[in-house]
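Just so you know, we're using this note's numbering here: the sequence shown kicks off at 367 and counts up by one.
Take a look at the structure set out below.
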Amino acid sequence: MPRTVLEPRFQVEHLSILDSDGNLDASLEPDIPAAELKRLYHGMLLGRRLDERMIRLQRQGRIGTFAPIKGQEASQVGAVSTLRPVDWMVPSFRETAAMLWRGWPLEKLLMLYAGYLEGGQPGPEQNDLPVTIPVATQLPHAVGLAYAAQYRGDDAVVMAFCGDGATSEGDFHEALNFAGVWHVPVVFLVQNNQWAISVPLKKQTHSKTIAQKALAYGLPGLQVDGNDVLAVYAACREAVDRARAGDGPTLVECVTYRLGVHTTADDPTKYRSTEEVEAWERKDPLTRFGTYLQKKNLLEDGLAESVDAEIAAAVQRFEAMGPPDPLTMFDHAYGERPPHLESQRAAVAERLSNSGPTPAPDATEPPSPPMRGQRTSRR
Numbered sequence: 367m368p369r370t371v372l373e374p375r376f377q378v379e380h381l382s383i384l385d386s387d388g389n390l391d392a393s394l395e396p397d398i399p400a401a402e403l404k405r406l407y408h409g410m411l412l413g414r415r416l417d418e419r420m421i422r423l424q425r426q427g428r429i430g431t432f433a434p435i436k437g438q439e440a441s442q443v444g445a446v447s448t449l450r451p452v453d454w455m456v457p458s459f460r461e462t463a464a465m466l467w468r469g470w471p472l473e474k475l476l477m478l479y480a481g482y483l484e485g486g487q488p489g490p491e492q493n494d495l496p497v498t499i500p501v502a503t504q505l506p507h508a509v510g511l512a513y514a515a516q517y518r519g520d521d522a523v524v525m526a527f528c529g530d531g532a533t534s535e536g537d538f539h540e541a542l543n544f545a546g547v548w549h550v551p552v553v554f555l556v557q558n559n560q561w562a563i564s565v566p567l568k569k570q571t572h573s574k575t576i577a578q579k580a581l582a583y584g585l586p587g588l589q590v591d592g593n594d595v596l597a598v599y600a601a602c603r604e605a606v607d608r609a610r611a612g613d614g615p616t617l618v619e620c621v622t623y624r625l626g627v628h629t630t631a632d633d634p635t636k637y638r639s640t641e642e643v644e645a646w647e648r649k650d651p652l653t654r655f656g657t658y659l660q661k662k663n664l665l666e667d668g669l670a671e672s673v674d675a676e677i678a679a680a681v682q683r684f685e686a687m688g689p690p691d692p693l694t695m696f697d698h699a700y701g702e703r704p705p706h707l708e709s710q711r712a713a714v715a716e717r718l719s720n721s722g723p724t725p726a727p728d729a730t731e732p733p734s735p736p737m738r739g740q741r742t743s744r745r
C-alpha cells in the first residue's frame, strides 16, 4: 500500500580526532590551552595508576570489590572536564577518574570500597551524586536534577554517566523520554565498553549504534571514539554548551573498551578472547594521548613517579584511619528509625561490645593466596 514518508532516514555521526596511532586531524583539533592538556593527561594517568593500585589492595584484602576503569580514562576525563563546579555530575559505578577530576580525595574513594559510609558522601559544596550500583537507576534522578535547575532558572548542566548495559534498562529509556519532553539541560554519557559483564553488545541491542537511540526521544545523539580524549572533549563541550544555552539534552556514545575485569569478582577470560583484548590494548587512550603531548613537547618527565607518590600517600592516610563503625549502616535508612530497626541496631551494638574492637588491616602482611578458582590480576 502507498505510504507517506514522515521524516527522512536518519544519520548518526561519528567523531574521531586523534587515531590509535596518534595521527591528528588538525582541522578538528579543539582549542585547548597547554596547561589544560597537561591537566587532562594527569587526570587520566592518576585514574589509571590508582586503578592498578586498587586492584593490588583488593587482592591483598585491604579494600573490597570495585569496578576497574582501565581503558576508559579518556571517556571519563574528556567528558567531565567540560563541566563547571556548579554543574552536576551523576556517576554510575565505574567513574573513578571522573570523580577524581571533580575533587574527590583519593583516600575517600579507598574508604568507599573499604566499607566506610563516609567514602560515598560528596562534600557539602560538591555537586555530585554518590556512586550508583544498581544499573541505570541514576538516570531518572539526573533528569530530575536538570528539571530542578531549569525550574529555578539556574544555568547548571547535569552530566549522567552510564554503560552500554544500562541502555537495556527501562530507566534509561524513561530518562531519555522525560529529558526530551521537558527539554532539560542534561548530557547522557554512555561508555560503550562492549560488554555488560559477560554479555556482548550484539546481544544487548540490534541497533547499529547506541547514539541512534536518542533520535526516538527527539534529542541529538552522537558517537565518538571514546579512546580519543580530544574527540570526547569536543563532543561534550558542544553538548554542555547546547544544554546551558537552553537547547536541551544530548546523548553522547563513547566507543571504548574495558581492558580489565568487570569487577574484581569477575574473570573475563571466561567470555572474551585474548586477541580481542590485545586489539583494544593497541588503542589505549593513555598511550595515544601521551604520544600527542610528546609531539607538542608537553609530556612532563617524572609525572608517573609523582602520581605514584601521591597515591602512596593517600593509601597511608586511608590505612591510618580506624575501622569503619558498623552501626552507621542503620543511620540513613529512614528519617526516624522504626522500632524493629532500633532493635536490630541494639543487637548489633551489644554483639560488637562483647567481641571488642575490630583490628585494622595490617599493611605489612603479605597478600593471601587466591581462593580456589580465583585468578590474580596482572593489570
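Using N, Cα and C, we set each Cβ at its ideal position, and we do this for glycine too.
Bear in mind the structure is a predicted one, so any value in this text is a computation, not a measurement.
Sequence-distant residues of the same chain with beta carbon closer than 8 Å to residue i, five excluded per side
{"i": "residue 402", "result": "447"}
{"i": "residue 585", "result": "542, 545, 546, 614, 615, 616, 617"}
{"i": "residue 606", "result": "448, 449, 453, 523, 525, 553"}
{"i": "residue 677", "result": "412, 415, 416, 419, 472"}
{"i": "residue 487", "result": "496"}
{"i": "residue 599", "result": "396, 398, 406, 444, 445, 447, 448"}
Assigned exposure category for residue i - 16 Cβ within 10 Å defines buried
{"i": "residue 655", "result": "buried"}
{"i": "residue 744", "result": "With a pLDDT of 37 at residue 744, under the threshold of 50, the predicted position of this residue should be treated as unreliable, though the coordinate-derived value follows. Residue 744 should be labelled exposed."}
{"i": "residue 417", "result": "buried"}
{"i": "residue 622", "result": "buried"}
{"i": "residue 688", "result": "exposed"}
{"i": "residue 636", "result": "exposed"}
{"i": "residue 651", "result": "buried"}
{"i": "residue 624", "result": "buried"}
{"i": "residue 517", "result": "exposed"}
{"i": "residue 557", "result": "buried"}
{"i": "residue 628", "result": "buried"}
{"i": "residue 435", "result": "buried"}
{"i": "residue 565", "result": "exposed"}
{"i": "residue 633", "result": "exposed"}
C-alpha gap between residue i and residue j, whole angstroms
{"i": "residue 563", "j": "residue 368", "result": "45 Å"}
{"i": "residue 508", "j": "residue 561", "result": "24 Å"}
{"i": "residue 559", "j": "residue 672", "result": "29 Å"}
{"i": "residue 419", "j": "residue 395", "result": "33 Å"}
{"i": "residue 371", "j": "residue 570", "result": "29 Å"}
{"i": "residue 472", "j": "residue 373", "result": "50 Å"}
{"i": "residue 692", "j": "residue 698", "result": "13 Å"}
{"i": "residue 524", "j": "residue 409", "result": "20 Å"}
{"i": "residue 685", "j": "residue 587", "result": "44 Å"}
{"i": "residue 428", "j": "residue 603", "result": "38 Å"}
{"i": "residue 485", "j": "residue 393", "result": "43 Å"}
{"i": "residue 592", "j": "residue 520", "result": "30 Å"}
{"i": "residue 555", "j": "residue 407", "result": "20 Å"}
{"i": "residue 716", "j": "residue 710", "result": "10 Å"}
{"i": "residue 384", "j": "residue 391", "result": "7 Å"}
{"i": "residue 388", "j": "residue 638", "result": "27 Å"}
{"i": "residue 648", "j": "residue 657", "result": "13 Å"}
{"i": "residue 481", "j": "residue 662", "result": "43 Å"}
{"i": "residue 432", "j": "residue 456", "result": "18 Å"}
{"i": "residue 437", "j": "residue 626", "result": "8 Å"}
{"i": "residue 680", "j": "residue 573", "result": "43 Å"}
{"i": "residue 483", "j": "residue 476", "result": "11 Å"}
{"i": "residue 712", "j": "residue 499", "result": "28 Å"}
{"i": "residue 515", "j": "residue 660", "result": "41 Å"}
{"i": "residue 608", "j": "residue 670", "result": "36 Å"}
{"i": "residue 583", "j": "residue 612", "result": "17 Å"}
{"i": "residue 645", "j": "residue 703", "result": "53 Å"}
Contacts around residue i, its chain only, beta-carbon distance under 6 Å, and the 5 residues preceding and following it disregarded
{"i": "residue 381", "result": "590, 597, 601"}
{"i": "residue 424", "result": "630"}
{"i": "residue 668", "result": "none"}
{"i": "residue 683", "result": "473"}
{"i": "residue 567", "result": "530, 560"}
Heavy atom of the ligand HEM within 8 Å of residue i beta-carbon
{"i": "residue 597", "result": "This structure lacks the ligand HEM; in fact it carries no ligand of any kind."}
Beta-carbon proximity list for residue i, same chain, < 7 Å, skipping 5 on both sides
{"i": "residue 400", "result": "664"}
{"i": "residue 502", "result": "528, 532, 535, 537, 538"}
{"i": "residue 376", "result": "578, 581"}
{"i": "residue 575", "result": "378, 589, 619"}
{"i": "residue 674", "result": "415"}
{"i": "residue 478", "result": "485, 486, 497"}
{"i": "residue 540", "result": "506"}
Span of the alpha helix (DSSP H) around residue i
{"i": "residue 529", "result": "Here residue 529 belongs to no alpha helix (DSSP H); instead the beta strand (DSSP E) covers 524 to 529."}
{"i": "residue 542", "result": "536 to 548"}
Host beta strand (DSSP E) of residue i (start-end)
{"i": "residue 673", "result": "First-last for residue 673: 669 to 685, but that is the alpha helix (DSSP H), not the beta strand (DSSP E)."}
{"i": "residue 587", "result": "587 to 591"}
{"i": "residue 557", "result": "552 to 558"}
Checklist entry - Counting Cβ pairs, one atom from each stretch, are 3 or more of them under 8 Å apart for the stretch 432 to 443 and the stretch 453 to 467? => result Taking one beta carbon from each stretch, the stretch 432 to 443 and the stretch 453 to 467 have 3 or more pairs nearer than 8 Å; the two touch.
Next on the checklist: Counting beta carbon pairs with one atom in the stretch 490 to 509 and one in the stretch 464 to 480, are three or more of them shorter than 8 Å?
Outcome noted: Of all C-beta pairs linking the stretch 464 to 480 to the stretch 490 to 509, three or more are shorter than 8 Å, placing the two stretches in contact.
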